[in-house]
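Participant: Residue numbers (my numbering): 2 to 377.
For each residue, glycine too, the CB sits at the ideal point set by N, CA and C.
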Ligand code: SF4
């Protein structure tokens, strides 16, 4: 009996050519139907075309949160607390500065500073956090305040978004994290995060930030109530904005972690690693104007993170010397730089430490094959 031809090969317009700009329909074909090996190979070739080297970067960062008090109540969040909850905290600037100082002693070069939507925190507090860190650790790179936080703060303080961004820029910040994108679909956001920035607002903050002069990242949290078409639409929205503004440095996807969250009661089980790999590869192919795609050992698993590198990703994320958000969802992954170097080398790549602008700080030795290659 003849073997069935894989559905992908019978597609009328297989998007197989490198350099081709994939349509939404083609993106969906990539995500859902292309055989895994072909998809990974195509995405890896696209990565090599953009970055013709074997370097995989990582950043030594720390992620303290200034507050976990939040009135947004996203249904996927296990981190937020009500103001009167005994586990609620709001750290003063000197505490955050001390945390950063300690992380810097352990090798951190970047602080990713984010917090809940806390009505007691104003712009003057944000500026006080920045000043305290800059005074305590002048050499550290501060990467603070996601678009979702920006929208909340601008609304609360009655400040135009552009003015708020300019204030942060004038305080010396040059890069912003792209957190809170979740899925850029108003339908999905109404279901999982109805009180947080809309998809339009998230994109608008990113656009304005690029206009002010910031470089920013773009995230995506998938594996909950979204459809595959909405994942692809998310990628297309980012690509369209990048065509206009050019300020995105990287795309950082992660899968929803159900533990301890209200949405987790509804959605049992985690995304299969194969889906994560397909998302990484599809992103590399769809986001032809993004310099970097991140595959994270931290948010998924070490093997999934490594496979992501073979599916077109070129960055391995951060060491996350302090991390609280995933930890709140029961996702605990402590590591060291030595671990990350080993994980990258075992994937066959040369590790390099970068800063938050993706400039390489230090290139490490390439991998060497010693002994059994099937070392678990
Ligand atoms: S995800 Fe962020 S905005 Fe949403 S509830 Fe949690 S802390 Fe608040």
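I'd like to confirm something about residue 225: is its beta-carbon nearer than 6 Å to some heavy atom of the ligand SF4, or not?
Facilitator: no
Participant: If I'm right that residue 296 touches residue 274 with Cβ under 8 Å, what's the distance once you round it to whole angstroms?
Facilitator: The Cβ separation is near 11 Å, so there is no contact.
Participant: Residues in its own chain within less than 7 Å of residue 78 by CB, not counting five upstream and five downstream?
Facilitator: 262
Participant: When the Cα atoms are used, what is the spatial distance from residue 373 to residue 349?
Facilitator: Confidence in residue 373 is poor, its pLDDT being 48 and thus under 50, which makes the residue's placement too unreliable to answer from.
Participant: What three-state label does DSSP hand residue 258 in the structure shown?
Facilitator: coil
Participant: Just the Cα atoms here: how many angstroms apart are residue 46 and residue 313?
Facilitator: 7 Å
Participant: Leaving aside the five residues before and after residue 107 along the sequence, list all residues of the same chain whose C-beta is less than 7 Å from its C-beta, in chain order.
Facilitator: Sequence-distant partners of residue 107 (beyond 5 residues in either direction) whose C-beta falls short of 7 Å from its own C-beta, in its chain, are 322.
Participant: Where do the N-terminal and C-terminal ends of the alpha helix (DSSP H) with residue 83 fall, by residue?
Facilitator: Under the DSSP assignment, residue 83 falls outside any alpha helix (DSSP H); it carries neither an H nor an E label.
Participant: Can you have a look at residue 187 and say buried or exposed, based on whether 16 or more other CB atoms are within 10 angstroms of its CB?
Facilitator: exposed
Participant: Measure the alpha-carbon distance for residue 232 versus residue 48 and round it to whole angstroms.
Facilitator: 20 Å
Participant: Confirm the yes/no value for this check: CB of residue 118, any heavy atom of the ligand SF4, distance under 6 Å.
Facilitator: yes
Participant: At what residue ranges does the stretch 283-360 contain a whole run of the alpha helix (DSSP H), taking only runs of 4 or more?
Facilitator: As summarised for the stretch 283-360, the continuous alpha helix (DSSP H) elements at least 4 residues long and confined to that stretch are 303-310, 326-329 and 338-347, given in chain order.
Participant: Could you give the residue range of the alpha helix (DSSP H) that holds residue 201?
Facilitator: Per DSSP, residue 201 belongs to the alpha helix (DSSP H) from 200-213.
Participant: What did DSSP end up calling residue 165 once you bin it into helix, strand or coil?
Facilitator: helix
Participant: Nearest-angstrom Cα distance between residue 366 and residue 120?
Facilitator: One C-alpha to the other measures close to 48 Å.
Participant: Using only CA atoms, which one of 246, 358 and 282 lies nearest to residue 39?
Facilitator: 282
Participant: Would you mind stating whether residue 91 and residue 58 have Cβ atoms separated by less than 7 Å?
Facilitator: For residue 91 and residue 58, no; Cβs fall outside 7 Å.
Participant: In this structure, does DSSP put residue 219 in helix, strand or coil?
Facilitator: strand
Participant: Does at least one heavy atom of the ligand SF4 sit under 6 Å from the Cβ of residue 80?
Facilitator: Yes - the ligand SF4 has a heavy atom lying nearer than 6 Å to the Cβ of residue 80.
Participant: For residue 210 versus residue 218, is the C-beta distance shorter than 7 Å?
Facilitator: At least 7 Å separates the beta-carbon of residue 210 from that of residue 218.
Participant: With DSSP as the reference, label residue 264 as helix, strand or coil.
Facilitator: helix
Participant: For residue 271, I'd like the list of residues in its chain whose CB is within less than 8 Å of its CB, leaving aside the five on either flank, ordered along the chain.
Facilitator: 224, 256, 257, 258 and 259
Participant: Can you tell me whether DSSP reads residue 171 as helix, strand or coil?
Facilitator: helix
Participant: Take residue 172 and list the residues in its own chain whose beta-carbon comes closer than 7 Å to its own, dropping the five residues that flank it on each side.
Facilitator: 128 and 131
Participant: Within 10 angstroms of the Cβ of residue 3, are there 16 or more other Cβ atoms? Answer buried if so, exposed if not.
Facilitator: Residue placement at residue 3 is flagged as unreliable, the pLDDT there being 40, under the threshold of 50; the coordinate-derived value follows with that caveat. Exposed, because fewer than 16 other Cβ atoms sit within 10 Å of the Cβ of residue 3.
Participant: With DSSP as the reference, label residue 29 as helix, strand or coil.
Facilitator: helix
Participant: Anyone know if the C-beta pair for residue 235 and residue 193 falls short of 7 Å?
Facilitator: no
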